[in-house]
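Respectively, the protein sequence lines represent chains C and S.
Residue 264 is where the first sequence ends in the numbering used here, and the numbering goes up by one at each step.
Residue 328 is where the second sequence ends in the numbering used here, and the numbering goes up by one at each step.
Beta carbons are placed, not taken as given, at the ideal position from N, Cα and C, and that holds for glycine.
None of the values given here were measured: they were computed from a predicted structure.
The structure under discussion appears below in the form of structure tokens.
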Amino acid sequence: MNIFVCVKRVPDTSEAIVKVDDSGKGVDSSKFSFDINEADNYAVEEAMLLKEAKGGNVQVVCAGTQDADVMIRMALAKGGDSAIRIDDPRINVIDPVQMAKVLAAAIKGKEFDLVLTGCMANDDGNMAVGVALAEELGVPHAAMVKKVEAGDDKVKVYRELEGGVSEVVEMDLPAVITIQTGINEPRYAPIRGIRQAQKKELSVLKLDDLGVAPEDVGEDTSLIALENLYIPEVESKAEIIEGEPEEKAVILAEKIVKGGLL
Amino acid sequence: MGNIYVLAEHRQGELREVTLEMLTKAAAVAGQTGGEVVALLLGSAVDSYAEKLAEYSDRVIYVDDPLFAEYNSEKYQKVLAAILPEYKPELMMIAHTTQGVDLAPALAVELKLPFIPDVIDINVEGGKLKPLRQYYQGKVNANFSFKGEPPYLITFREASLEIGEATKKGSIEKIESPLKEDIAYRRFLEYVEAEVGDVDITQSEILVAVGRGIKEDKNMPLVEELAAALKADLCGSRASIDAGWLGHDRQVGTSGKTVKPKLYIAIGISGAFQHLAGMKGAKAIIAINKDPDAPIFTEADFGIVDDLFKVLPKLTEKIKELKG
């Protein structure tokens, strides 16, 4: 079973202060820590589990700058066979349809049974690239998958719906699956794997190498435009309790027990 | 401006609320731009849905065919790809749900539609639609616009607004299915219901909710002790379920349960919109998180911005003492 797994490097902004930069269309990311997107990490693990069960190879695909190489090497260390990084500043990263076109160009024409992506990137939250990619590749897809049972020419997947219900669907291979978090337990890269990963092939390609006309995936031809970013005013009615940690705890306990909240 | 179309979402015999939310938003936008609000429904034996939709739209167009007994992205895509070029709406709204995100991006590629996902609001400026989005899990807002020609396509986030009043009496038109035979690259097999646990958190009066901030399984006793002191049940955000700290039946949010307890104490939960949608109906909400910008504080009544590991032990101790 030959698998492509698409990964993205994203900032962890869960506890970071986010500020809009001078362009008004980006954020100051100088103080962010970056790593593989959470759902993509689960997609990498799922690719490794499928390879271990069914044989074949796993190729990692990423659109990004050299900063992404550490993350890509980690996926190789976990058992990926080779990687392609598409590094071209002309790619309009805002537009999921254009991004899908870029990733598709790296996969098209190669033999594959499955393409796995994360179901959502934590930075832009699009939830769109994987499904658009399937359409570009002309293969079936299933989004937000929480369980994969792969056969030889079919795959059965459990899509996680609202309210904890799963929808079970079967697709002919090849197919694209977008992976939901929690589907497996992502492994840590073994030390030996990390050493081996340094020797594995990581091709860095430009749009021209992929036969993609840069204007087709650039901002000028995008059908959508990001006008500006701004920090939303937090409409909080919350009474924020001040003081030292233990003082805050005491005040809150009193509010809970004596304030009629129970 | 042209008409605004809303794709009705339904599952397992129920029209989903997000459909009426979209129709509410569509009516507000159409009030500024002109044009009709049109509900588009694909299903099997769905006359009653069509009637319900007519209360929120100027026109209902529906396909009633056993081929649409269950949602299937490929069949939906085929039908929309036939209908949109013919009916030429200005804007097509699809829910940003597990159905919508499984459908809209492929449709956008096939028809080369200007497409913006996960829209939370639609502003109108100078007669132009300006969809509003969020980046970085709610920390940044992003104003978007469309280029090129309509139809424009968006997916619209669930629970972004209150459903309006049913004031319309739209016309209802049943059309013949553009899909003449089944297509079978992807086949629906079955639904598997959520597992049932020992506690039904939708019935709990007090909930202590755990998020990523608790960091490790070995820290769980801190919240377990707080829950015990309050006679509360434990639940959690997606992160705590993914990490295996709690079972799936304890997940609060769009992919888990919607809860409405008297008191909800969110510990180390940043408050992704999927989580907020599941708990904002709680009567009182307390949030403890070290990030002052965490979206959870927008829903909270009381908040502590601090290291939860420094707050929790004392909080539990003091509650025990006060409760005697």
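{"Asked": "Using a Cβ-Cβ cut-off of less than 8 Å, list which residues of the region 227-238 of chain C approach chain S; keep chain order.", "Found": "227, 228, 229, 230, 231, 232, 233, 234, 236, 237, 238"}
{"Asked": "Of all Cβ atoms in chain C, is any one closer than 8 Å to the Cβ of residue 91 (chain S)?", "Found": "no"}
{"Asked": "If you follow the alpha helix (DSSP H) that residue 279 (chain S) is in, where does it begin and where does it stop?", "Found": "277-283"}
{"Asked": "Identify every run of the beta strand (DSSP E) within the region 91-134 of chain C, keeping only runs that are complete inside it and at least 3 residues long; order them along the chain.", "Found": "116-120"}
{"Asked": "Out of C:38, C:129, C:45, C:99, which one is the CA nearest neighbour of residue 14 (chain C)?", "Found": "C:38"}
{"Asked": "For residue 327 (chain S), decide whether its Cβ has a neighbour in chain C, counting only Cβ atoms nearer than 8 Å.", "Found": "yes"}
{"Asked": "Touch check for the region 80-97 of chain C and the region 194-208 of chain C: three-plus C-beta pairs under 8 Å?", "Found": "yes"}
{"Asked": "When you check each C-beta in the region 204-227 of chain C against every C-beta of chain S, which residues fall closer than 8 Å?", "Found": "224, 225, 226, 227"}
{"Asked": "Comparing alpha-carbon positions, which option in C:40, C:132, C:114, C:21 lies nearest residue 104 (chain C)?", "Found": "C:132"}
{"Asked": "Can you list the residues of chain C that residue 155 (chain S) reaches, using a CB-CB cut of under 7 Å?", "Found": "In chain order: nothing, as chain C lies at least about 11 Å away."}
{"Asked": "Per the DSSP calculation, residue 145 (chain S) is bridged to which residue(s)?", "Found": "C:232, S:138"}
{"Asked": "Name the chain C residues whose beta carbon is nearer than 7 Å to that of residue 319 (chain S)?", "Found": "251, 254, 255"}
{"Asked": "Would you mind telling me which residues of chain S sit closer than 8 Å to residue 173 (chain C), beta carbon to beta carbon, in chain order?", "Found": "189, 190, 191"}
{"Asked": "Taking 8 Å as the CB-CB limit, is residue 145 (chain S) close to chain A?", "Found": "Here chain A cannot be found, since the structure's protein chains are C and S."}
{"Asked": "What residue from C:16, C:45, C:214, C:54 has the CA that sits closest to residue 36 (chain C)'s CA?", "Found": "C:16"}
{"Asked": "Quick test of your reading: residue 135 (chain S) and residue 119 (chain S), contact by CB under 8 Å. State the CB separation rounded to the nearest angstrom.", "Found": "Not quite, the Cβ-Cβ distance comes to about 10 Å (not below 8 Å), so this is no contact."}
{"Asked": "To the nearest angstrom, how far is it from the Cα of residue 188 (chain S) to the Cα of residue 142 (chain C)?", "Found": "10 Å"}
{"Asked": "So which residues of chain C does residue 329 (chain S) contact, with C-beta pairs closer than 8 Å?", "Found": "Residue 329 (chain S) is absent from the model: chain S starts at 5 and stops at 328."}
{"Asked": "Give me the Cα-Cα distance between residue 130 (chain C) and residue 57 (chain S), rounded to the nearest whole angstrom.", "Found": "27 Å"}
{"Asked": "Quick one: Cα of residue 317 (chain S) to Cα of residue 226 (chain S), how far?", "Found": "7 Å"}
{"Asked": "Could you name the residues that DSSP lists as bridge partners for residue 119 (chain S)?", "Found": "S:157"}
{"Asked": "Helix, strand or coil: which one does DSSP assign to residue 223 (chain S)?", "Found": "helix"}
{"Asked": "Checking the sheet assignment: what are the DSSP bridge partners for residue 178 (chain S)?", "Found": "S:66"}
{"Asked": "Residues in the same chain with beta-carbon distance under 7 Å from residue 170 (chain C), minus the five sequence neighbours each way, listed in chain order, please.", "Found": "158, 160"}
{"Asked": "What is the DSSP secondary structure of residue 189 (chain S), counted as helix, strand or coil?", "Found": "coil"}
{"Asked": "According to DSSP, simplified to helix, strand and coil, what is residue 299 (chain S)?", "Found": "helix"}
{"Asked": "Any beta carbon of chain C sitting closer than 8 Å to that of residue 195 (chain S)?", "Found": "yes"}
{"Asked": "Looking at the C-beta of residue 151 (chain C), does it have a partner C-beta in chain S at a distance below 8 Å?", "Found": "no"}
{"Asked": "Spell out whether any CB of chain S is found under 8 Å from the CB atom of residue 15 (chain C).", "Found": "yes"}
{"Asked": "Please report the distance separating the alpha-carbon of residue 237 (chain S) from that of residue 211 (chain S).", "Found": "5 Å"}
{"Asked": "By alpha-carbon positions, which one of S:169, S:105, S:144, S:150 ends up nearest to residue 129 (chain S)?", "Found": "S:150"}
{"Asked": "Quick one: does residue 165 (chain C) have its CB under 8 Å from some CB of chain S?", "Found": "yes"}
{"Asked": "Based on DSSP bridge pairs, tell me the residues matched to residue 47 (chain S).", "Found": "S:68"}
{"Asked": "Counting only the same chain and skipping the five closest in sequence on each side, list residues whose C-beta sits under 7 Å from that of residue 152 (chain S).", "Found": "118"}
{"Asked": "Looking at the strands, I want to know which residues DSSP matches up with residue 13 (chain C).", "Found": "C:36"}
{"Asked": "For residue 75 (chain S), does the three-state DSSP call read helix, strand or coil?", "Found": "coil"}
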